[in-house]
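Written below as C-alpha coordinates is the structure these notes are about.
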(Lines of atoms letter the chains of each structure in order from A and count residues from 1; the text may use other names and numbers.)
(Lines give C-alpha, C1' and ligand atoms only; values in the text may rest on other atoms or scores of the structure.)
Protein backbone atom coordinates (compact mmCIF):
# COMPACT_ATOMS: atom_id res chain seq x y z
CA UNK A 1 0.00 0.00 0.00
CA UNK A 2 1.28 3.46 -0.93
CA UNK A 3 -0.59 6.64 -0.03
CA UNK A 4 0.53 10.25 -0.36
CA UNK A 5 -1.01 13.70 -0.17
CA UNK A 6 -0.10 16.93 -1.96
CA UNK A 7 -1.24 20.55 -1.64
CA UNK A 8 -2.34 22.35 -4.81
CA UNK A 9 -3.46 25.95 -4.20
CA UNK A 10 -5.11 27.89 -6.99
CA UNK A 11 -2.25 30.36 -6.69
CA UNK A 12 0.95 30.39 -4.67
CA UNK A 13 0.72 34.17 -4.28
CA UNK A 14 -1.84 36.26 -2.46
CA UNK A 15 -2.20 39.96 -3.29
CA UNK A 16 -3.48 42.37 -0.64
CA UNK A 17 -4.50 45.97 -1.21
CA UNK A 18 -4.40 49.07 0.95
CA UNK A 19 -3.13 49.45 4.48
CA UNK A 20 -3.06 46.48 6.90
CA UNK A 21 -6.55 46.01 8.27
CA UNK A 22 -7.69 43.61 10.98
CA UNK A 23 -11.29 43.72 9.70
CA UNK A 24 -10.42 42.44 6.22
CA UNK A 25 -9.56 38.96 4.96
CA UNK A 26 -8.49 37.37 1.70
CA UNK A 27 -9.41 33.97 0.31
CA UNK A 28 -6.78 31.27 -0.20
CA UNK A 29 -8.31 28.32 -2.06
CA UNK A 30 -7.16 25.07 -3.56
CA UNK A 31 -7.34 21.36 -2.95
CA UNK A 32 -5.44 18.56 -1.24
CA UNK A 33 -4.85 15.51 -3.43
CA UNK A 34 -4.91 12.02 -1.90
CA UNK A 35 -3.15 9.46 -4.09
CA UNK A 36 -3.50 5.73 -3.55
CA UNK A 37 -1.59 2.94 -5.31
CA UNK A 38 -1.15 -0.78 -4.79
CA UNK A 39 2.37 -1.97 -4.25
CA UNK A 40 3.79 -4.69 -6.46
CA UNK A 41 5.04 -7.86 -4.81
CA UNK A 42 7.23 -10.72 -5.97
CA UNK A 43 5.05 -13.27 -4.15
CA UNK A 44 1.53 -12.29 -5.20
CA UNK A 45 -0.40 -10.16 -7.64
CA UNK A 46 -1.49 -6.66 -6.82
CA UNK A 47 -4.51 -6.43 -4.59
CA UNK A 48 -6.97 -3.59 -4.17
CA UNK A 49 -6.08 -1.23 -1.35
CA UNK A 50 -8.75 -0.06 1.06
CA UNK A 51 -8.16 2.79 3.49
CA UNK A 52 -10.29 4.58 6.02
CA UNK A 53 -9.70 8.34 6.00
CA UNK A 54 -9.97 9.41 9.62
CA UNK A 55 -8.65 12.97 9.42
CA UNK A 56 -7.38 15.47 6.83
CA UNK A 57 -6.24 18.89 8.03
CA UNK A 58 -4.88 21.91 6.19
CA UNK A 59 -2.86 24.52 8.09
CA UNK A 60 -1.83 28.01 7.05
CA UNK A 61 1.00 29.35 9.19
CA UNK A 62 3.00 32.55 9.04
CA UNK A 63 6.28 33.08 10.82
CA UNK A 64 8.91 35.75 11.23
CA UNK A 65 12.57 35.00 11.90
CA UNK A 66 15.47 37.40 12.18
CA UNK A 67 19.19 36.77 12.55
CA UNK A 68 21.63 39.58 13.32
CA UNK A 69 25.03 39.71 14.94
CA UNK A 70 23.73 41.92 17.74
CA UNK A 71 20.48 40.06 18.45
CA UNK A 72 21.19 36.51 17.39
CA UNK A 73 18.20 34.38 16.39
CA UNK A 74 14.63 35.45 17.19
CA UNK A 75 11.53 33.52 15.98
CA UNK A 76 7.86 34.49 16.16
CA UNK A 77 4.63 32.89 14.97
CA UNK A 78 2.48 35.47 13.19
CA UNK A 79 -0.62 33.36 12.63
CA UNK A 80 -1.74 29.75 12.51
CA UNK A 81 -5.09 28.43 11.36
CA UNK A 82 -6.08 24.79 10.87
CA UNK A 83 -9.18 23.44 9.13
CA UNK A 84 -10.47 19.88 9.16
CA UNK A 85 -11.33 18.82 5.61
CA UNK A 86 -12.47 15.25 6.24
CA UNK A 87 -16.14 14.55 6.97
CA UNK A 88 -17.32 13.82 10.48
CA UNK A 89 -17.67 10.13 9.71
CA UNK A 90 -14.65 8.12 8.50
CA UNK A 91 -14.50 7.88 4.72
CA UNK A 92 -13.44 4.71 2.91
CA UNK A 93 -11.04 5.06 -0.03
CA UNK A 94 -10.27 2.17 -2.38
CA UNK A 95 -8.59 1.69 -5.74
CA UNK A 96 -10.59 -1.43 -6.53
CA UNK A 97 -10.70 -1.94 -10.28
CA UNK A 98 -7.56 0.11 -10.79
CA UNK A 99 -5.12 -1.85 -8.67
CA UNK A 100 -3.16 -2.97 -11.76
CA UNK A 101 -2.78 0.53 -13.14
CA UNK A 102 0.54 2.33 -12.90
CA UNK A 103 -1.29 5.60 -12.28
CA UNK A 104 -2.52 6.22 -8.74
CA UNK A 105 -6.14 6.81 -7.86
CA UNK A 106 -6.54 10.39 -6.66
CA UNK A 107 -9.18 12.27 -4.67
CA UNK A 108 -9.17 16.06 -4.47
CA UNK A 109 -10.52 17.68 -1.32
CA UNK A 110 -11.07 21.42 -1.75
CA UNK A 111 -10.30 24.03 0.90
CA UNK A 112 -10.86 27.75 1.35
CA UNK A 113 -9.00 29.60 4.09
CA UNK A 114 -9.59 33.22 5.15
CA UNK A 115 -6.20 34.90 5.42
CA UNK A 116 -6.16 37.96 7.74
CA UNK A 117 -5.64 41.25 5.95
CA UNK A 118 -3.26 42.68 8.55
CA UNK A 119 -0.43 40.22 7.93
CA UNK A 120 2.91 41.67 6.81
CA UNK A 121 4.18 40.82 3.37
CA UNK A 122 6.67 38.10 2.52
CA UNK A 123 10.18 39.52 2.78
CA UNK A 124 13.76 38.57 3.51
CA UNK A 125 15.93 40.50 5.95
CA UNK A 126 18.68 40.15 8.51
CA UNK A 127 22.42 39.55 8.36
CA UNK A 128 21.74 36.07 7.00
CA UNK A 129 19.29 37.26 4.36
CA UNK A 130 20.86 34.98 1.77
CA UNK A 131 19.78 32.08 4.00
CA UNK A 132 16.12 33.03 3.75
CA UNK A 133 15.42 34.55 7.18
CA UNK A 134 12.49 36.93 7.33
CA UNK A 135 8.71 36.75 7.04
CA UNK A 136 7.32 33.67 5.29
CA UNK A 137 4.05 31.77 4.93
CA UNK A 138 3.22 28.21 3.91
CA UNK A 139 0.47 25.60 3.75
CA UNK A 140 0.80 22.27 5.57
CA UNK A 141 -1.43 19.20 5.25
CA UNK A 142 -1.70 16.08 7.43
CA UNK A 143 -3.81 12.97 6.82
CA UNK A 144 -4.56 10.05 9.12
CA UNK A 145 -5.56 6.69 7.64
CA UNK A 146 -6.45 3.23 8.88
CA UNK A 147 -5.92 0.15 6.71
CA UNK A 148 -8.97 -1.96 5.85
CA UNK A 149 -7.12 -4.73 3.98
CA UNK A 150 -8.42 -8.20 4.84
CA UNK A 151 -5.46 -10.39 5.74
CA UNK A 152 -7.51 -13.48 6.68
CA UNK A 153 -7.53 -14.99 3.19
CA UNK A 154 -3.87 -14.44 2.53
CA UNK A 155 -1.41 -17.31 2.70
CA UNK A 156 1.26 -17.23 5.36
CA UNK A 157 4.27 -15.25 4.19
CA UNK A 158 6.96 -12.98 5.48
CA UNK A 159 4.82 -10.02 4.42
CA UNK A 160 1.96 -11.32 6.55
CA UNK A 161 4.28 -11.64 9.52
CA UNK A 162 5.45 -8.04 9.12
CA UNK A 163 1.89 -6.79 8.92
CA UNK A 164 1.28 -7.97 12.48
CA UNK A 165 3.69 -5.31 13.76
CA UNK A 166 2.38 -2.43 11.65
CA UNK A 167 0.42 0.31 13.40
CA UNK A 168 -3.29 0.32 12.71
CA UNK A 169 -3.28 4.04 11.86
CA UNK A 170 -0.88 5.81 9.57
CA UNK A 171 -0.14 9.55 9.47
CA UNK A 172 0.96 11.06 6.15
CA UNK A 173 2.39 14.55 5.75
CA UNK A 174 2.38 16.63 2.58
CA UNK A 175 5.33 18.69 1.47
CA UNK A 176 4.72 22.23 2.66
CA UNK A 177 3.69 24.74 -0.01
CA UNK A 178 5.16 28.27 0.34
CA UNK A 179 2.71 31.14 -0.14
CA UNK A 180 3.90 34.62 -1.08
CA UNK A 181 1.98 37.56 0.38
CA UNK A 182 2.23 40.91 -1.41
CA UNK A 183 0.63 44.26 -0.67
CA UNK A 184 -0.21 46.97 -3.18
CA UNK A 185 -1.51 50.51 -2.89
CA UNK A 186 -4.29 51.63 -5.19
CA UNK A 187 -3.45 54.91 -6.95
CA UNK A 188 -6.34 57.29 -7.58
CA UNK A 189 -8.17 57.12 -10.88
CA UNK A 190 -6.92 60.62 -11.71
CA UNK A 191 -3.21 60.88 -10.81
CA UNK A 192 -1.65 64.10 -9.59
CA UNK A 193 0.28 66.25 -12.03
CA UNK A 194 3.56 65.73 -10.17
CA UNK A 195 3.24 62.07 -9.23
CA UNK A 196 1.07 58.97 -9.39
CA UNK A 197 -0.33 59.63 -5.89
CA UNK A 198 -1.67 62.97 -4.60
CA UNK A 199 0.65 65.33 -2.80
CA UNK A 200 0.52 65.56 1.00
CA UNK A 201 1.27 68.87 2.70
CA UNK A 202 3.31 69.13 5.91
CA UNK A 203 3.37 72.39 7.84
CA UNK A 204 6.73 72.73 9.57
CA UNK A 205 7.67 75.43 11.99
CA UNK A 206 10.97 75.31 13.85
CA UNK A 207 10.51 74.99 17.58
CA UNK A 208 13.10 75.61 20.27
CA UNK A 209 13.81 71.92 20.64
CA UNK A 210 14.56 71.72 16.91
CA UNK A 211 17.30 74.33 17.16
CA UNK A 212 20.92 73.59 18.07
CA UNK A 213 22.03 73.96 21.65
CA UNK A 214 23.73 77.30 20.95
CA UNK A 215 21.91 78.97 18.07
CA UNK A 216 23.81 81.79 16.44
CA UNK A 217 20.71 83.55 15.14
CA UNK A 218 18.36 84.73 17.91
CA UNK A 219 15.58 82.25 18.56
CA UNK A 220 12.85 84.91 18.40
CA UNK A 221 13.86 85.55 14.78
CA UNK A 222 14.69 82.09 13.48
CA UNK A 223 11.53 80.61 15.01
CA UNK A 224 9.40 82.92 12.86
CA UNK A 225 10.26 80.98 9.72
CA UNK A 226 7.34 78.91 8.44
CA UNK A 227 7.96 76.03 6.07
CA UNK A 228 5.43 74.03 4.07
CA UNK A 229 6.60 70.94 2.20
CA UNK A 230 4.60 68.83 -0.23
CA UNK A 231 5.56 65.26 -1.11
CA UNK A 232 3.53 62.35 -2.57
CA UNK A 233 1.41 60.34 -0.15
CA UNK A 234 3.10 57.20 -1.45
CA UNK A 235 6.18 56.71 -3.57
CA UNK A 236 6.43 53.65 -5.83
CA UNK A 237 9.04 51.21 -4.60
CA UNK A 238 10.78 51.27 -7.98
CA UNK A 239 10.70 55.04 -8.42
CA UNK A 240 13.88 56.72 -9.67
CA UNK A 241 13.02 60.17 -8.32
CA UNK A 242 10.78 61.94 -5.82
CA UNK A 243 9.05 65.25 -6.57
CA UNK A 244 8.74 67.83 -3.82
CA UNK A 245 7.67 71.41 -3.26
CA UNK A 246 9.00 73.70 -0.52
CA UNK A 247 7.23 76.93 0.45
CA UNK A 248 8.83 79.41 2.86
CA UNK A 249 7.73 82.62 4.53
CA UNK A 250 8.07 84.50 7.83
CA UNK A 251 5.44 85.56 10.31
CA UNK A 252 5.39 88.54 12.70
CA UNK A 253 8.84 89.85 11.76
CA UNK A 254 9.65 93.53 11.41
CA UNK A 255 10.50 94.98 8.02
CA UNK A 256 14.17 95.32 8.99
CA UNK A 257 14.44 91.71 10.13
CA UNK A 258 12.82 90.35 6.95
CA UNK A 259 15.53 92.09 4.92
CA UNK A 260 18.34 90.89 7.18
CA UNK A 261 17.24 87.25 7.17
CA UNK A 262 18.52 85.34 4.15
CA UNK A 263 18.34 81.81 2.77
CA UNK A 264 21.57 80.74 1.07
CA UNK A 265 20.81 77.07 0.33
CA UNK A 266 18.82 74.04 1.37
CA UNK A 267 19.39 70.29 1.13
CA UNK A 268 17.04 67.31 0.79
CA UNK A 269 17.83 63.73 1.74
CA UNK A 270 15.65 60.59 1.65
CA UNK A 271 16.63 58.05 4.30
CA UNK A 272 15.59 54.51 5.13
CA UNK A 273 15.63 53.26 8.70
CA UNK A 274 15.55 49.55 9.52
CA UNK A 275 14.77 48.30 13.01
CA UNK A 276 15.54 44.75 14.10
CA UNK A 277 13.96 43.65 17.37
CA UNK A 278 14.48 40.71 19.67
CA UNK A 279 11.26 39.34 21.12
CA UNK A 280 11.50 39.05 24.89
CA UNK A 281 9.77 35.97 26.35
CA UNK A 282 8.37 35.06 22.95
CA UNK A 283 6.01 38.05 22.65
CA UNK A 284 6.40 41.23 20.56
CA UNK A 285 6.19 44.78 21.83
CA UNK A 286 2.93 45.90 23.39
CA UNK A 287 2.24 48.53 20.72
CA UNK A 288 2.17 45.83 18.03
CA UNK A 289 0.28 43.16 19.99
CA UNK A 290 -2.47 45.63 20.92
CA UNK A 291 -3.15 46.47 17.28
CA UNK A 292 -2.80 42.99 15.75
CA UNK A 293 -3.94 39.57 17.06
CA UNK A 294 -0.60 37.82 17.52
CA UNK A 295 -0.86 34.23 18.87
CA UNK A 296 -0.49 33.92 22.63
CA UNK A 297 2.71 33.11 24.48
CA UNK A 298 1.76 29.44 24.78
CA UNK A 299 1.70 29.22 20.97
CA UNK A 300 5.09 30.87 20.52
CA UNK A 301 8.54 29.27 20.37
CA UNK A 302 9.95 27.55 22.34
CA UNK A 303 6.61 26.55 23.93
CA UNK A 304 5.34 25.56 20.50
CA UNK A 305 7.92 25.17 17.77
CA UNK A 306 7.43 26.56 14.29
CA UNK A 307 6.31 24.05 11.68
CA UNK A 308 9.24 24.95 9.41
CA UNK A 309 11.94 26.72 11.44
CA UNK A 310 15.06 27.96 9.74
CA UNK A 311 17.96 25.54 9.66
CA UNK A 312 20.07 28.04 11.62
CA UNK A 313 17.66 27.93 14.57
CA UNK A 314 19.15 24.70 15.93
CA UNK A 315 22.66 26.13 15.75
CA UNK A 316 21.64 29.23 17.69
CA UNK A 317 19.58 27.25 20.21
CA UNK A 318 22.57 25.04 21.00
CA UNK A 319 24.92 28.02 21.19
CA UNK A 320 27.09 27.00 18.25
CA UNK A 321 26.51 30.34 16.48
CA UNK A 322 26.23 32.58 19.50
CA UNK A 323 24.09 33.00 22.57
CA UNK A 324 20.50 34.07 22.57
CA UNK A 325 19.75 37.41 24.20
CA UNK A 326 17.77 37.34 27.43
CA UNK A 327 16.47 40.91 27.22
CA UNK A 328 14.75 43.06 24.62
CA UNK A 329 17.22 44.37 22.08
CA UNK A 330 16.71 46.73 19.18
CA UNK A 331 19.18 47.35 16.38
CA UNK A 332 18.71 50.38 14.10
CA UNK A 333 20.38 50.94 10.75
CA UNK A 334 19.91 54.15 8.78
CA UNK A 335 21.22 54.99 5.32
CA UNK A 336 20.46 57.32 2.43
CA UNK A 337 18.49 56.32 -0.65
CA UNK A 338 19.93 59.10 -2.76
CA UNK A 339 21.78 58.35 -5.96
CA UNK A 340 25.11 59.54 -4.52
CA UNK A 341 24.25 58.49 -0.93
CA UNK A 342 24.49 62.18 -0.02
CA UNK A 343 21.86 64.92 0.38
CA UNK A 344 20.98 66.95 -2.69
CA UNK A 345 21.96 70.59 -2.09
CA UNK A 346 20.22 73.48 -3.86
CA UNK A 347 21.83 76.92 -3.99
CA UNK A 348 19.53 79.95 -3.89
CA UNK A 349 20.16 82.36 -6.74
CA UNK A 350 20.75 86.04 -6.02
CA UNK A 351 21.39 87.55 -2.61
CA UNK A 352 19.07 85.10 -0.81
CA UNK A 353 16.65 87.75 0.46
CA UNK A 354 13.62 85.55 -0.08
CA UNK A 355 11.75 87.02 2.91
CA UNK A 356 12.12 90.70 1.97
CA UNK A 357 8.56 90.95 0.62
CA UNK A 358 6.89 89.29 3.61
CA UNK A 359 6.36 92.49 5.59
CA UNK A 360 4.80 94.57 2.78
CA UNK A 361 2.52 91.63 1.94
CA UNK A 362 1.64 90.80 5.56
CA UNK A 363 -2.07 91.38 4.92
CA UNK A 364 -1.99 88.90 2.02
CA UNK A 365 0.98 86.63 2.80
CA UNK A 366 2.76 84.91 -0.05
CA UNK A 367 5.14 81.95 -0.16
CA UNK A 368 8.60 81.61 -1.63
CA UNK A 369 8.14 78.38 -3.61
CA UNK A 370 10.69 75.90 -4.93
CA UNK A 371 9.65 72.86 -7.00
CA UNK A 372 12.09 70.14 -7.94
CA UNK A 373 12.84 66.41 -7.83
CA UNK A 374 15.53 64.43 -6.05
CA UNK A 375 17.09 61.38 -7.73
CA UNK A 376 16.86 58.02 -5.99
CA UNK A 377 19.38 55.24 -6.35
CA UNK A 378 18.21 52.75 -8.96
CA UNK A 379 20.52 49.97 -7.76
CA UNK A 380 21.92 49.46 -4.30
CA UNK A 381 23.97 46.74 -2.60
CA UNK A 382 22.16 44.16 -0.49
CA UNK A 383 22.99 45.99 2.74
CA UNK A 384 21.32 49.16 1.37
CA UNK A 385 18.43 47.57 -0.47
CA UNK A 386 15.42 49.82 -0.84
CA UNK A 387 12.32 48.34 0.79
CA UNK A 388 8.69 49.26 1.13
CA UNK A 389 7.55 50.89 4.35
CA UNK A 390 6.26 48.21 6.70
CA UNK A 391 6.05 47.22 10.33
CA UNK A 392 6.37 43.68 11.66
CA UNK A 393 6.96 42.37 15.20
CA UNK A 394 10.64 41.66 14.49
CA UNK A 395 11.45 44.03 11.65
CA UNK A 396 10.31 47.49 10.66
CA UNK A 397 11.14 49.81 7.78
CA UNK A 398 10.39 53.52 7.86
CA UNK A 399 11.33 56.32 5.49
CA UNK A 400 11.72 60.01 6.03
CA UNK A 401 12.72 63.12 4.15
CA UNK A 402 15.28 65.34 5.88
CA UNK A 403 15.31 68.99 4.87
CA UNK A 404 18.00 71.40 6.03
CA UNK A 405 17.79 75.19 5.57
CA UNK A 406 21.02 77.21 5.60
CA UNK A 407 20.02 80.64 6.88
CA UNK A 408 22.03 83.78 7.60
CA UNK A 409 21.17 86.97 9.47
CA UNK A 410 22.86 90.37 9.14
CA UNK A 411 22.93 91.37 12.79
CA UNK A 412 23.40 95.09 13.49
CA UNK A 413 26.93 96.05 14.50
CA UNK A 414 28.54 92.81 13.25
CA UNK A 415 30.79 92.51 10.22
CA UNK A 416 29.99 88.86 9.53
CA UNK A 417 26.45 87.49 9.22
CA UNK A 418 25.20 84.98 11.71
CA UNK A 419 24.62 81.54 10.22
CA UNK A 420 22.26 78.78 11.24
CA UNK A 421 21.07 75.42 9.94
CA UNK A 422 17.48 74.35 10.50
CA UNK A 423 16.50 70.72 10.01
CA UNK A 424 13.07 69.21 9.46
CA UNK A 425 12.02 65.58 9.24
CA UNK A 426 8.99 64.47 7.23
CA UNK A 427 7.67 60.87 7.08
CA UNK A 428 7.20 59.33 3.66
CA UNK A 429 5.76 55.99 2.57
CA UNK A 430 7.27 53.69 -0.06
CA UNK A 431 4.81 51.14 -1.43
CA UNK A 432 4.23 48.71 -4.26
CA UNK A 433 1.80 50.06 -6.81
CA UNK A 434 -1.12 47.98 -8.07
CA UNK A 435 -0.09 46.34 -11.37
CA UNK A 436 -1.80 47.65 -14.46
CA UNK A 437 -4.74 45.46 -15.42
CA UNK A 438 -4.40 43.50 -18.63
CA UNK A 439 -7.02 42.58 -21.17
CA UNK A 440 -7.55 39.19 -22.79
CA UNK A 441 -5.88 38.71 -26.12
CA UNK A 442 -9.25 38.27 -27.83
CA UNK A 443 -10.69 41.55 -26.54
CA UNK A 444 -12.20 43.43 -29.50
CA UNK A 445 -12.49 47.15 -30.09
CA UNK A 446 -16.20 47.85 -30.48
CA UNK A 447 -16.09 51.63 -30.24
CA UNK A 448 -18.37 53.60 -32.62
CA UNK A 449 -15.41 54.74 -34.71
CA UNK A 450 -14.32 51.19 -35.41
CA UNK A 451 -17.50 49.17 -34.96
CA UNK A 452 -17.40 47.94 -38.54
CA UNK A 453 -13.93 46.47 -38.30
CA UNK A 454 -13.30 44.61 -35.07
CA UNK A 455 -9.60 44.34 -34.38
CA UNK A 456 -7.84 42.96 -31.30
CA UNK A 457 -6.52 45.53 -28.86
CA UNK A 458 -2.94 45.08 -27.68
CA UNK A 459 -2.60 44.65 -23.93
CA UNK A 460 -1.16 47.71 -22.13
CA UNK A 461 1.49 45.58 -20.47
CA UNK A 462 2.83 42.07 -20.90
CA UNK A 463 2.39 39.57 -18.10
CA UNK A 464 3.62 35.98 -17.87
CA UNK A 465 1.30 33.50 -19.55
CA UNK A 466 1.37 31.35 -16.43
CA UNK A 467 -0.80 33.92 -14.65
CA UNK A 468 -4.53 33.49 -15.31
CA UNK A 469 -6.64 36.40 -16.43
CA UNK A 470 -8.30 36.42 -12.99
CA UNK A 471 -5.14 38.01 -11.63
CA UNK A 472 -5.85 41.12 -13.69
CA UNK A 473 -9.33 41.55 -12.24
CA UNK A 474 -9.65 44.41 -9.74
CA UNK A 475 -9.61 43.63 -6.05
CA UNK A 476 -12.69 44.04 -3.89
CA UNK A 477 -11.12 47.03 -2.11
CA UNK A 478 -10.74 48.77 -5.48
CA UNK A 479 -14.48 48.57 -6.18
CA UNK A 480 -16.08 48.84 -2.74
CA UNK A 481 -15.43 50.65 0.53
CA UNK A 482 -15.01 48.79 3.81
CA UNK A 483 -18.73 49.28 4.60
CA UNK A 484 -19.78 47.63 1.32
CA UNK A 485 -20.73 50.80 -0.58
CA UNK A 486 -19.48 51.05 -4.13
CA UNK A 487 -16.62 53.51 -4.58
CA UNK A 488 -17.20 56.67 -6.58
CA UNK A 489 -15.24 56.93 -9.80
CA UNK A 490 -14.19 60.58 -9.82
CA UNK A 491 -12.77 60.23 -13.32
CA UNK A 492 -16.35 60.34 -14.69
CA UNK A 493 -17.57 63.97 -14.66
CA UNK A 494 -20.97 64.87 -13.27
CA UNK A 495 -23.69 66.02 -15.71
CA UNK A 496 -24.22 69.73 -16.12
CA UNK A 497 -26.70 71.37 -13.77
CA UNK A 498 -30.14 71.91 -15.26
CA UNK A 499 -32.82 73.96 -13.45
CA UNK A 500 -35.82 71.97 -12.36
CA UNK A 501 -38.29 73.91 -14.53
CA UNK A 502 -36.17 73.46 -17.64
CA UNK A 503 -35.72 69.79 -16.90
CA UNK A 504 -39.50 69.39 -16.67
CA UNK A 505 -40.00 71.19 -19.98
CA UNK A 506 -37.45 68.94 -21.64
CA UNK A 507 -39.36 65.78 -20.70
CA UNK A 508 -41.25 64.25 -23.64
CA UNK A 509 -45.01 64.22 -23.42
CA UNK A 510 -46.73 60.87 -23.33
CA UNK A 511 -49.97 60.31 -25.15
CA UNK A 512 -52.84 59.00 -23.05
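Numbering (UniProt numbering), first residue to last: 1 to 512.
Note that CB positions come from ideal geometry on N, CA and C, so glycine has one too.
Residue 409 sits close to residue 221, with the two beta carbons spaced by under 8 Å. In the same chain as residue 418, and ignoring 5 residues on each side of it, the C-beta atoms closer than 6 Å to its own belong to 216, 217, 409, 411, in chain order.
DSSP places residue 259 inside the alpha helix (DSSP H), whose first and last residues are 255-260.
Excluding five sequence positions before and after residue 178, the CB atoms of its chain that fall closer than 6 Å to its own CB belong to 138, given in chain order.
Here residue 56 really is in contact with residue 85; their C-beta atoms are around 4 Å apart, less than 8 Å. Annotation: the continuous beta strand (DSSP E) that includes residue 34 extends over 25-37. In this structure, residue 185 sits away from residue 232, with a CB-CB distance that is not shorter than 8 Å. Just measuring C-alpha positions, the residue of 19, 4, 260 sitting nearest residue 413 is 260. Going by beta carbons, residue 229 and residue 204 fall inside the 8 Å limit.
Residue 222 is bridged by DSSP to nothing; it lacks a bridge partner.
Put simply, the backbone Cα of residue 51 is about 20 Å away from that of residue 7.
Residue 5 is not a Cβ neighbour of residue 146, given a cutoff of 8 Å. Within 10 angstroms of the beta-carbon of residue 187 lie 16 or more other beta-carbons, which makes it buried. Rounded to whole angstroms, the separation of the alpha carbons of residue 3 and residue 34 is 7 Å. Rounded to the nearest angstrom, the gap between the Cα atoms of residue 275 and residue 391 is 9 Å.
Inter-segment contact for the stretch 357-375 and the stretch 241-249 is present: three or more beta-carbon pairs are separated by less than 8 Å.
Of all alpha-carbon atoms in 355, 54, 181, the one lying nearest the alpha-carbon of residue 26 is that of 181. Within 10 angstroms of the beta-carbon of residue 303 lie fewer than 16 other beta-carbons, which makes it exposed. Nearest in C-alpha terms to residue 13, of all of 407, 24, 29, is 29. Residue 270 holds the alpha-carbon nearest to the alpha-carbon of residue 336 among 89, 47, 425, 270. A straight line joining the alpha-carbon of residue 22 with that of residue 421 spans about 43 Å.
Ranked by how close their Cα comes to the Cα of residue 171, the residues 189, 144, 245, 191 have 144 in first place.
A distance below 6 Å between beta-carbons, with the five flanking residues on each side excluded, links residue 387 to the following residues of its chain, in chain order: 397.
Inter-residue distance for residue 134 and residue 121 is about 10 Å (C-alpha atoms, whole angstroms). Annotated as distal: residue 329 and residue 273, with beta-carbon spacing of 8 Å or more. Here DSSP, grouped into helix, strand and coil, assigns residue 197 to coil. Buried is the label assigned to residue 431, since at least 16 other Cβ atoms lie within 10 Å of its Cβ. Residues 404 of the same chain have their beta carbon placed closer than 6 Å to that of residue 423, with the five preceding and five following residues left out of the count. With fewer than 16 other Cβ atoms inside 10 Å of its own Cβ, residue 480 counts as exposed. Looking at the DSSP output, residue 273 shares a beta bridge with 334, 398. Annotation for residue 242: the continuous beta strand (DSSP E) segment containing it runs 241-250.
For residue 305, the three-state secondary structure derived from DSSP is coil. Look at residue 136 here: in three-state DSSP terms it is strand. Assignment of residue 361 by DSSP, reduced to helix, strand and coil, places it in the coil class. Nearest to residue 238 by alpha-carbon distance, out of 434, 341, 307, is 434. Residue state for residue 382 is assigned as helix, using DSSP reduced to three classes.
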